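Comments concern the structure below.
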Amino acid sequence: MRLGLILGDQLSFELASLGALDPARDALLMAEVMGEARYVPHHPQKIVLIFSAMRHFAQALRERGWQVHYVALNADGNSGSIAGELQRWQQALGAAEIHLTECGEWRLEQALRDAGLPLVWHRDNRFLCSREAFARWAQGRTQLRMEHFYRGMRKRCGLLMEPDGQPAGGAWNFDGDNRKALPRGLHGPFAAQFEQDAITQAVVTLVRQRFSDHYGALDGFDYPVTHGEAQQLWQHFLDFSLAAFGDYQDAMAEDEPYLFHARISAALNIGLLDVRRLCEDVETAWREGRVPLNAAEGFIRQLIGWREYVRGIYWLRMPEYAGLNHLGNDRPLPAFYWTGRTRMRCMEQAIGQTLQLGYAHHIQRLMVTGNFALLAGIVPAAICEWYLAMYMDAFDWVELPNTLGMVMHADGGYLGSKPYCASGRYIQRMSDHCKACSYKVEQVIEEDGCPFNALYWHFLMRHRPQLSANPRLALIYRSLDGMTASRRDAVWQRGQSLLARLDAAEAL
Ligand code: DLZ
């Protein structure tokens, strides 16, 4: 007989390794292991999501006739690692081959390759661009720009294309329409809600007992854990949010964690939704006139552009990519990232909802918590670990390029052509947080001036040698040079004092 391994982020009936096996002769293995739950301190709700979705998937596989060996976390003999469980079950069952689908993380794939097992690997068909296809696309290019990759994917997938081969609406990208702040009085729709069934409740109890030392709230877990629930969440987005998604995808608002975002990334990344179906649904919604093109294109770009692109970069550059630190950062992650206790309102809101929900949208991640880490010179590996641990949708393939490359510029611009550094003005423009903040966004050098302001200029000054030749930063450096020397000195001093407070473990 043969044994199939299904990992906690591979919960798809269409998984390649499942397709290669026969329910009449072969068996499957799924294992809850401490090694995966603890190698970073995952948010308790993320552990609930994975374990509950795994248990539901095992049940659904059994209903389809599969023999599933399911190792619960507290099961006798649980070795605590995926490789250990594979070794144990291969011996116990006398399996001649172990079929598995490419892992999402280099770390785990390497551990399995090193385990001396008779592995038969299958390509991860849940992605539209294989690792090999991405490597072929990258070969010979001096710059791997997402926009070029995305256009190729649009053509290849035939999404939002006219019969003459031109992009729908005459442009590839409508991002210029997708940067609106939220008008006063406009709110996101009511949130879809999911009740905890007996399986989820049992997992919540388990996680409460075994992971009480991990940061993040456990109460109020409200994520889809089955394919059916994930589909409901998706339909809710199509019905109530997609039309406004484009316009307000960069907006942030007080106590509005979701706005018009889909909240499906966790379900998608663990296999409960299929990327092809999502893109087709979005295109249909546009062709039927239910949503504008800037919304449909913006959403599809996230899926077949950005998501596939960062995965391609990850597998192209691992393992050395994880160790990059182009800007030479050496500051540890401030403790308030784990508690949310800071007087900076935007940070308090973004971190607070992250602890509460395991969720923040892309601009909160890039331009608030990420921007602060960039400006403050946090060690890339430390902030990467925080993102990987705290977000429900975070697996190394997606988290690492986004954080290390896009947020921290630690790859020297391989992934993003410039650092996404911004002062408090950006946050003021895109949110209503500054009105509720104890710092003043108009001020830079004063004691109650927004820390983002002085840190922004300090960042540009201290990294001048690495950044000033970048044409996309030329205007900013001209503004810096337009300041009087005494003003520049005062800004530098204010930046120094903020960084010294961080080094003294003070929360800003
Ligand atoms: C994230 C996670 C957690 C918390 N626990 C498990 C687990 O117990 N068993 C399992 O198969 N997978 C788990 N996962 C997902 C894995 O960490 C994920 O498959 C790897 O990081 C590769 O993407």
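In this note's numbering, the protein residues as written are 117 to 624.
Cβ atoms here follow ideal geometry from the backbone N, Cα and C, with glycine treated the same way.
Keep in mind it's a predicted model, so treat the numbers as computed, not measured.
*Three-state secondary structure (DSSP) of L202*: helix
*Same chain, Cβ closer than 7 Å to V341, five either side skipped, listed in chain order*: L165, S168, A169, H172 and T316
*asked:* Suppose the cutoff is 7 Å on Cβ atoms and the five residues either side in sequence are ignored; what does the same chain contact list for A307 look like?
replied: Y374
*Mind reading off the beta-carbon distance from C395 to L419? Whole number of angstroms is fine, and I expect it under 8 Å.*
6 Å
_Heavy atom of the ligand DLZ within 6 Å of I163 beta-carbon_ = Placement of the Cβ of I163 at a distance of less than 6 Å from at least one heavy atom of the ligand DLZ is found.
*asked:* Please report the straight-line C-alpha distance between G421 and G493, rounded to a whole angstrom.
replied: C-alpha separation (whole angstroms): 29 Å.
*Taking 6 Å as the line, does the beta carbon of V426 fall inside it for any heavy atom of the ligand DLZ?*
The answer is no for V426.
_Length-filtered (3 minimum) beta strand (DSSP E) runs lying within the region 436–497_ = Contiguous beta strand (DSSP E) elements confined to the region 436–497 do not occur, taking only those with 3 or more residues.
*Classify A174 as helix, strand or coil using the three-state DSSP reduction.*
helix
*C-alpha distance - H478 paired with Q207, whole-angstrom precision*: Pairing H478 with Q207, the inter-Cα distance amounts to about 45 Å.
*So, is H303 buried or exposed, given that buried needs 16 or more other C-beta atoms within 10 angstroms?*
exposed
*asked:* Within 8 Å, do at least three Cβ pairs link the region 464–482 to the region 507–517?
replied: Per the Cβ contact rule, the region 507–517 is in contact with the region 464–482 (3 or more Cβ pairs under 8 Å).
*Is the closest heavy atom of the ligand DLZ to the C-beta of G124 under 6 Å?*
yes
*asked:* Just to confirm, is the Cβ distance from L123 to W182 under 7 Å?
replied: no
*Taking all protein chains shown into account, decide if G521 is buried (16 or more other Cβ within 10 angstroms of its Cβ) or exposed.*
buried
*Taking H215 and H238 to be in contact with their CB atoms under 8 Å, please state how far apart those CB atoms are, rounded to whole angstroms.*
The pair is a contact, with the Cβ atoms about 7 Å apart (cut-off 8 Å).
*Straight-line Cα distance separating F337 from Y453*: Y453 and F337 have their C-alpha atoms spaced approximately 21 Å apart.
*Measuring CB to CB, does Q480 end up less than 7 Å from A466?*
yes
*Give me the Cα-Cα distance between A451 and A623, rounded to the nearest whole angstrom.*
8 Å
*Helix, strand or coil at M277 [DSSP, three-state]*: The DSSP-derived three-state label of M277 is strand.
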